[in-house]
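Protein sequence lines correspond, in order, to chains A and X.
Mind the numbering: the first sequence is residues 1 to 425 in this note's numbering, read in order.
Mind the numbering: the second sequence is residues 426 to 690 in this note's numbering, read in order.
Working notes, structure below.
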Amino acid sequence: MNSSANSLNKQIADFNHSNKKRRIRDFFSAGSTYLFSSFSLIALIAIIVFIFSKGYSTLSWDFLTSDYRSEIVNVETNSEVTVATNTFEYTPGDNEYFASNWGISFVDSKNTEGNSIVLVKYVDSKANTDSWINSSSQDPFTLKEGDNITSAQLWTSNDPDTSRVIVVSSSSGAEKMCKGFAECSYLKTMTITSKGGGIRGSLISTLYLILITMSIALPLGIGGAVFLGVYADTLPTRFKKIANILRSLIDMISGIPSIIFGLVGGVVFLTLFGQKGNLITGGLTLACMILPIIIKSTEEAIRTIPKNMPLASLALGASQTQTTFKIIIPNALPGILTSALLGIGRVIGESAALIYTSGTAIQDYIIPTQGSASLAVHIWSLMSGDNQNIEASCAISIVILFVILFLSLLIKLLSMKINRYQKGK
Amino acid sequence: MELTNDVVKEEIIPPNEEKVFSVRNLNLFYGKKQALSDISLDIYKHQVTALIGPSGCGKSTFLRCLNRMNDLIDDCHVQGSISFLNEDIKNINTIFLRTKVGMVFQQPNPFPMSILDNVTYGPRCQGLKDKKSLKEIAIRSLKEASIYEEVKDRLKTNGLALSGGQQQRLCIARCLAMKPDVILMDEPTSALDPIATSRIEELINTLKKDYTIVIVTHNMQQAIRVSDYTAFFMLGKLVEFNTTEEFFSHPKEKQSNDYITGRFS
Numbered sequence: 001m002n003s004s005a006n007s008l009n010k011q012i013a014d015f016n017h018s019n020k021k022r023r024i025r026d027f028f029s030a031g032s033t034y035l036f037s038s039f040s041l042i043a044l045i046a047i048i049v050f051i052f053s054k055g056y057s058t059l060s061w062d063f064l065t066s067d068y069r070s071e072i073v074n075v076e077t078n079s080e081v082t083v084a085t086n087t088f089e090y091t092p093g094d095n096e097y098f099a100s101n102w103g104i105s106f107v108d109s110k111n112t113e114g115n116s117i118v119l120v121k122y123v124d125s126k127a128n129t130d131s132w133i134n135s136s137s138q139d140p141f142t143l144k145e146g147d148n149i150t151s152a153q154l155w156t157s158n159d160p161d162t163s164r165v166i167v168v169s170s171s172s173g174a175e176k177m178c179k180g181f182a183e184c185s186y187l188k189t190m191t192i193t194s195k196g197g198g199i200r201g202s203l204i205s206t207l208y209l210i211l212i213t214m215s216i217a218l219p220l221g222i223g224g225a226v227f228l229g230v231y232a233d234t235l236p237t238r239f240k241k242i243a244n245i246l247r248s249l250i251d252m253i254s255g256i257p258s259i260i261f262g263l264v265g266g267v268v269f270l271t272l273f274g275q276k277g278n279l280i281t282g283g284l285t286l287a288c289m290i291l292p293i294i295i296k297s298t299e300e301a302i303r304t305i306p307k308n309m310p311l312a313s314l315a316l317g318a319s320q321t322q323t324t325f326k327i328i329i330p331n332a333l334p335g336i337l338t339s340a341l342l343g344i345g346r347v348i349g350e351s352a353a354l355i356y357t358s359g360t361a362i363q364d365y366i367i368p369t370q371g372s373a374s375l376a377v378h379i380w381s382l383m384s385g386d387n388q389n390i391e392a393s394c395a396i397s398i399v400i401l402f403v404i405l406f407l408s409l410l411i412k413l414l415s416m417k418i419n420r421y422q423k424g425k
Numbered sequence: 426m427e428l429t430n431d432v433v434k435e436e437i438i439p440p441n442e443e444k445v446f447s448v449r450n451l452n453l454f455y456g457k458k459q460a461l462s463d464i465s466l467d468i469y470k471h472q473v474t475a476l477i478g479p480s481g482c483g484k485s486t487f488l489r490c491l492n493r494m495n496d497l498i499d500d501c502h503v504q505g506s507i508s509f510l511n512e513d514i515k516n517i518n519t520i521f522l523r524t525k526v527g528m529v530f531q532q533p534n535p536f537p538m539s540i541l542d543n544v545t546y547g548p549r550c551q552g553l554k555d556k557k558s559l560k561e562i563a564i565r566s567l568k569e570a571s572i573y574e575e576v577k578d579r580l581k582t583n584g585l586a587l588s589g590g591q592q593q594r595l596c597i598a599r600c601l602a603m604k605p606d607v608i609l610m611d612e613p614t615s616a617l618d619p620i621a622t623s624r625i626e627e628l629i630n631t632l633k634k635d636y637t638i639v640i641v642t643h644n645m646q647q648a649i650r651v652s653d654y655t656a657f658f659m660l661g662k663l664v665e666f667n668t669t670e671e672f673f674s675h676p677k678e679k680q681s682n683d684y685i686t687g688r689f690s
């Protein structure tokens with residue numbers, strides 16, 4: 001009894017001795033995994049923090065909904081001059097300058113591209129005169145809050161011979177512009193610029209690209225996956241080689257850099273559908289690019305369906321095709337949705353494949369048969385010129401991040417619902 | 426061996442017994458491996474035939490020959506003849522054959538759809554669209570499978586929400602909706618608890634009035650309880666085929682005797 005207890009004690013002592021080394025080794029091995037994972041996490045967080053800190057100030061509802069190109073309206077008067085005779089009452093806030101004879105207040109601001117501009121902060125309801133007209137359309141012009149007055153030519157008196165001409169412009173700042181307006185009672189011409197720099201056009205063309213790409217890639221991809229996952233198994237053995245070759249080809253294609261897709265798509269689709277790239281050729285190119293992703297993950301989803309589910313269908317006298325469309329595809333739906341999300345993520349983030357195929361011109365009015373930049377290409381355009389606009393690029397990045405976050409949440413929710421329904425809860 | 430089988434059959438077949446399946450000299454190969462060798466066996470109308478034997482003896486493979494589910498497996502080729510109601514099954518379209526010869530699997534496998542859709546799946550695949558007659562078929566089949574009372578208030582709920590035993594009876598109902606002549610059951614109770622098992626066994630006893638049933642089972646007690654005929658398979662060969670009573674009380678072959686006593690001693 002005693003001796004066995006002694007021998008156990010000795011064994012424990014031996015174990016503790018040898019275990020010391022192991023604990024040191026374990027500490028370093030486990031420590032390195034913590035270290036490396038925290039590095040990668042820090043890198044990720046740093047990127048997101050950078051994007052948010054740079055882009056947050058630019059991001060606004062206006063940024064999302066306004067045109068990229070600023071619209072310039074020249075305002076003239078249909079009589080000789082517009083006369084300001086009233087005296088308006090208004091209490092301007094901080095850094096706001098009020099020209100009481102016109103009933104207009106001005107503030108300094110910045111446009112979405114970061115240049116200083118002067119905005120109209122307040123217009124008295126009686127301030128507008130019906131003698132202002134839009135010189136290009138000859139329609140009556142109404143000054144609104146938020147308009148950006150680029151320049152104005154004002155006269156101190158009605159008589160052209162004795163009058164001083166004062167020209168104010170947005171580069172001189174709100175205070176000077178207000179002073180100019182306050183001094184003069186006669187307005188000759190005025191140029192109003194809408195804010196511009198918005199991403200509405202790029203946002204819409206991205207949505208168009210997603211729509212075009214998915215409506216081509218999803219049916220083709222699901223078809224290919226059903227062939228590989230269902231029908232290839234029923235082929236005679238010697239034809240199975242074809243399916244295997246197809247599978248390795250798909251693996252290979254998914255590794256091709258996207259610029260090569262852009263190059264080939266640019267050459268092939270542009271010769272097929274005319275000389276200039278447009279959203280349809282861009283969508284076709286992206287569809288080719290994401291086809292492997294959709295085929296692979298859909299085939300995987302098909303292969304994870306319990307084997308006896310399709311067997312039960314066949315044993316009930318359903319044909320293979322009925323089984324495929326009534327049992328296999330509905331059951332693979334969560335997997336198909338996930339693959340669609342992966343595809344949409346690629347479409348939103350893709351720039352290289354689109355530069356040749358749908359153009360880099362940022363447009364405001366989107367027609368699928370015309371080339372226009374997607375959000376990612378918009379970033380590329382903003383950063384590739386001489387005036388790099390990091391703030392706007394980061395703001396677009398935030399938009400892309402949120403779109404992808406929203407999509408992934410939506411698809412998670414959908415596949416959870418489907419899963420739950422299919423499990424009978 | 427073949428001789429013995431023939432002799433056995435001559436002894437036990439009452440002349441008025443109608444054959445549904447008649448299997449002659451069936452050989453089945455998976456690639457080069459022979460899984461069934463020289464099986465000759467008859468399945469009688471409105472009788473329960475149990476197929477027993479140790480794992481891997483080929484009884485499930487034999488069962489799947491009867492509705493040509495083995496066609497779905499690569500490298501599987503069959504020699505010999507199986508005739509279903511005096512027609513060689515090679516000449517029958519597989520889809521038609523499977524509507525006449527239903528199958529219930531080991532694992533309950535309802536489709537992830539409502540109970541109603543599960544039961545009407547077969548008729549819908551045959552092109553029946555009329556909702557009223559589909560519902561009538563569903564109710565008839567659910568009643569036949571003695572599950573109607575339990576699910577009549579929730580026909581729209583998902584089939585997978587039922588318990589294991591209910592799911593298996595739902596699968597039987599799904600099979601009955603096709604009005605088959607024969608129901609093949611591949612160890613239908615091995616995934617179920619004893620209470621669910623006894624309900625399925627009761628069900629088999631009521632179903633044999635209208636249907637011919639072939640059941641694969643590991644459980645010899647179950648074979649005794651539910652079957653009229655028993656076929657004992659071993660290593661891909663049919664060792665003995667006899668009425669269940671005769672087989673379990675006076676096994677003619679030594680292998681059968683060893684198998685029975687090995688389990689019961």
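Glycine included, C-beta positions come from ideal geometry on N, C-alpha and C.
All values reported here derive from a predicted model rather than from experimental measurement.
For residue i, the first and last residue of its enclosing beta strand (DSSP E)
i        : result
X:Cys501 : 501 to 509
A:Leu106 : According to the sequence provided, residue 106 of chain A is Phe. The question's Leu does not apply to it. Start and end: 104 to 110.
X:Met659 : 654 to 659
X:Arg579 : Taken as a continuous stretch (DSSP letters only), X:Arg579 belongs to no beta strand (DSSP E), as it is neither H nor E.
X:Asp611 : 607 to 611
A:Ile367 : Looking at the DSSP string, A:Ile367 is not in any beta strand (DSSP E), and its letter there is neither H nor E.
A:Glu96  : 96 to 99
X:Arg449 : 444 to 455
A:Tyr122 : 116 to 123
Rounded straight-line distance, which links the Cα of residue j to that of residue i
i        : j        : result
A:Ile355 : A:Ile367 : 17 Å
A:Leu401 : A:Ile294 : 22 Å
X:Asp653 : X:Ala598 : 22 Å
A:Ser37  : A:Ile51  : 21 Å
A:Ala225 : A:Pro334 : 14 Å
A:Ser136 : A:Asp67  : 19 Å
A:Ser131 : A:Lys110 : 30 Å
X:Leu595 : X:Pro535 : 7 Å
X:Arg493 : X:Pro548 : 20 Å
X:Ser588 : X:Pro619 : 13 Å
A:Gln153 : A:Asn95  : 23 Å
A:Gln370 : A:Ile327 : 41 Å
A:Ala352 : A:Ser384 : 13 Å
X:Glu427 : X:Phe487 : Low local confidence applies: a pLDDT of 43 at X:Glu427 is under 50, so the model's placement there is unreliable, with the coordinate-based value given in what follows. X:Glu427 and X:Phe487: Cα-Cα distance of roughly 17 Å.
A:Leu413 : A:Ser339 : 15 Å
A:Ala287 : A:Val347 : 9 Å
A:Ser151 : A:Asp108 : 14 Å
A:Phe325 : A:Ala301 : 14 Å
Limits of the alpha helix (DSSP H) - the one that residue i falls within
i        : result
A:Val230 : A:Val230 -> no alpha helix (DSSP H), and no H or E assigned at all.
A:Arg303 : 279 to 303
A:Tyr186 : Note, A:Tyr186: premise wrong, no alpha helix (DSSP H); beta strand (DSSP E) at 186 to 193.
X:Gln591 : 589 to 601
Contact belief for residue i with residue j at Cβ below 8 Å, rounded distance in angstroms
i        : j        : result
X:Ser674 : X:Phe657 : Wrong, their Cβ atoms sit about 14 Å apart, outside the cutoff.
A:Lys72  : A:Thr193 : The residue you asked about is not Lys; residue 72 of chain A is Ile in the sequence shown. Indeed, because the Cβ distance is near 5 Å, the residues count as touching under 8 Å.
X:Val607 : X:Lys525 : 7 Å
A:Gly197 : A:Ala392 : 7 Å
Pair within 9 Å by beta-carbon distance, residue i and residue j
i        : j        : result
A:Gly229 : A:Glu299 : yes
X:Leu476 : X:Thr655 : yes
A:Val399 : A:Leu64  : yes
A:Leu218 : A:Gly283 : no
X:Ser447 : X:Ile468 : yes
X:Gln591 : X:Glu569 : no
A:Lys296 : A:Gly359 : no
A:Tyr122 : A:Glu145 : yes
A:Gln320 : A:Thr234 : yes
A:Thr206 : A:Gly266 : no
X:Gly478 : X:Met610 : no
A:Ser70  : A:Asn148 : yes
Chain-ordered chain B contacts of residue i [CB-CB under 7 Å]
i        : result
A:Gly317 : Among the protein chains in the structure shown, which are A and X, there is no chain B.
Any non-hydrogen atom of the ligand PLP closer than 8 Å to residue i Cβ
i        : result
A:Thr281 : Ligands are entirely absent from the displayed structure, and the ligand PLP is therefore not among its contents.
Please give the ranges of any beta strand (DSSP E) in the region 465 to 553 of chain X, keeping only runs that are unbroken, at least 3 residues long and fully inside the region. Counting whole runs of 3 or more residues, the region 465 to 553 of chain X contains the beta strand (DSSP E) stretches 473 to 477, 501 to 509, 526 to 529.
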